[in-house]
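In the numbering used here, the protein residues as written are 97 to 512.
Positions of the beta carbon are idealized from the N, C-alpha and C atoms, including for glycine.
Quick caveat: nothing in here was measured; it's all calculated off a predicted structure.
Right under this line is the structure:
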């Protein structure tokens, strides 16, 4: 990998090949050998030895090209917000999983397979212990600036995502070949640490320019969001029997409660499914919009509460009202969808005639009662409901002594 320097026996005895900055008594190779054995023994009572060692200094783009795509990538957290990466091949992953589940390492090669988040969680203690032991052995040497303070972190899905979170600096890439359980398996661990440690913090005008450049780069990056309409649990026997033309029943309520999920499965928002100019589209809902209309605020009744989502522009233009949920616009026949409870029918019915019985408490006498009766008889579209706000009538002194419940008092409807 890297350039190797040949030394004579006399030079080796004199320590001529040792980097004075790294310390003459403890080299990275020796520190890794001790750290790996100690970590495996302490965490899992596992016999593990370093059988091969190589190192190199690479720029970020070259580093990404040298990391195996089939390895499990783990982001490492370092001091002052610095980041590094570990890559574990499937043999090492399998050995660490086996010793924790069946108590020993099987003497056979593991079959290639995609790694999972569970694999990462079970391997993280070993990686963190290796980094801890490594930092301890090199803490009194010049290598402490790049070797100390790191610990295992979260799994990274792909090399593309890794390139977005690592700093564009040089890295020390260590390729460690491991003899596991006295020859039961041979694994490989790659560690890439910032070559000179955490980059110096910029200040003044340079710092401001750097911050603006970073903001432009982040804002220009691609953020992938998946809109999940509905999740259905089914037996595997039914799934394997799927054929073209089969139908899956999706509740009508799912149309107004679409989950917006990031790539890691985290729900970042809720939306309502509809259409715009002939295409499927979703209207993002604020957190209050998931509550009942009577308890919602004016902002939640609007089209988009973008301030609740990180990184979005609060001045995002509103989507047209054609996004109102229309079950007839979907391929699945409405007659095949399950019936909704009566207390949930109003938000999807498109009119006020199906409102909950609580609204019957509105009194019929007085101007307010006449106004409520007129509105109840009006044929209103769901798109219009988003522009209606409801607020309680101002309390008067003579009403406070009345026996009538405040929950049954007339509401003032304002149509904007």
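Item                                                                                                                                                                      : Value
Using the rule of at least 16 other Cβ atoms within 10 Å of the residue's Cβ for burial, across every protein chain shown, is residue 335 buried or exposed?              : exposed
Tell me, to the nearest whole angstrom, how far the beta carbon of residue 169 is from that of residue 258; I am working on the premise that it is less than 8 Å.         : 6 Å
Given a threshold of 16 other Cβ atoms within 10 Å of its Cβ, counted over all protein chains shown, does residue 214 qualify as buried or as exposed?                    : exposed
From the DSSP output, in three-state form, read off residue 151 for me.                                                                                                   : strand
Check whether chain C comes within 9 Å of residue 368, counting only Cβ atoms and requiring the distance to be less than that.                                            : Going by chain labels, chain C is absent from the structure shown, which holds only one protein chain.
Could you pull the DSSP bridge partners for residue 312 from this structure?                                                                                              : Looking at the DSSP assignment, residue 312 forms no beta bridge with any residue, so it has no partner.
For residue 196, does the three-state DSSP call read helix, strand or coil?                                                                                               : helix
Skipping 5 residues on each side, what residues in its chain have a beta carbon closer than 8 Å to that of residue 221?                                                   : 139, 248
Does residue 212 pass the burial test, meaning 16 or more other C-beta atoms within 10 Å, or should it be called exposed?                                                 : exposed
What would DSSP say about residue 345, mapped onto helix, strand or coil?                                                                                                 : coil
Just list the residues that DSSP pairs residue 247 with in beta bridges.                                                                                                  : 173
Could you check if residue 351 is buried or exposed, using at least 16 other CB atoms within 10 Å of its CB as the buried criterion?                                      : buried
Helix, strand or coil: how does DSSP classify residue 331 here?                                                                                                           : coil
For the stretch 322 to 333 against the stretch 203 to 210, are there 3 or more C-beta pairs whose distance is under 8 Å?                                                  : no
Which class does residue 168 belong to by DSSP, given the choice of helix, strand or coil?                                                                                : strand
Compare the beta carbon distance of residue 184 and residue 267 with 9 Å and say whether it is the shorter of the two.                                                    : no
Let's see if you can read the secondary structure: which residues bound the beta strand (DSSP E) around residue 322?                                                      : 322 to 324
In terms of alpha-carbon separation, which member of 318, 161, 344 lies closest to residue 329?                                                                           : 344
Less than 9 Å between the C-beta atoms of residue 278 and residue 130, yes or no?                                                                                         : no
To which residues of the same chain is residue 357 closer than 6 Å at the C-beta, ignoring the five residues directly before and after it?                                : 322, 324, 363
Closest by CA to residue 128, which one among 149, 361, 251, 284?                                                                                                         : 149
Please check the pair residue 152 and residue 269, which I expect to be a contact at CB under 8 Å, by giving their CB distance rounded to whole angstroms.                : 5 Å
Taking only three categories from DSSP, how would you classify residue 241?                                                                                               : helix
Just verifying my parser: in three-state terms, what is the DSSP assignment at residue 378?                                                                               : strand
Alpha carbon to alpha carbon, how far is residue 137 from residue 514? Give it in angstroms, no decimals.                                                                 : No information on residue 514 is available, as it lies outside the stretch 97 to 512 that the chain covers here.
Pop quiz: residue 198 and residue 218 are said to be a contact at Cβ under 8 Å. What is the actual Cβ separation, rounded to whole angstroms?                             : With a Cβ gap of about 13 Å, residue 198 and residue 218 do not count as contacting.
Please report how far the alpha carbon of residue 263 lies from the alpha carbon of residue 135, in whole angstroms.                                                      : 28 Å
Which residue spans inside the stretch 248 to 272 form an unbroken alpha helix (DSSP H) run of at least 4?                                                                : 255 to 261
How long is the line joining the alpha carbons of residue 355 and residue 158, rounded to whole angstroms?                                                                : 38 Å
Using the Cα positions of residue 122 and residue 141, report the straight-line distance between them to the nearest angstrom.                                            : 25 Å
Using the C-alpha atoms, what's the distance from residue 377 back to residue 320?                                                                                        : 15 Å
Figure out for me which residue from 287, 161, 190, 236 has the closest Cα to the Cα of residue 280.                                                                      : 190
In the DSSP assignment, what are the bridge partners of residue 286?                                                                                                      : 183, 271
Would you kindly work out how many angstroms separate the C-alpha atoms of residue 313 and residue 260, rounded to a whole number?                                        : 10 Å
Since I believe residue 175 is in contact with residue 245 (beta carbons under 8 Å), could you give me their beta-carbon distance rounded to a whole number of angstroms? : 4 Å
When you compare each of 366, 173, 196 to residue 290 by their alpha carbons, which one comes out closest?                                                                : 173
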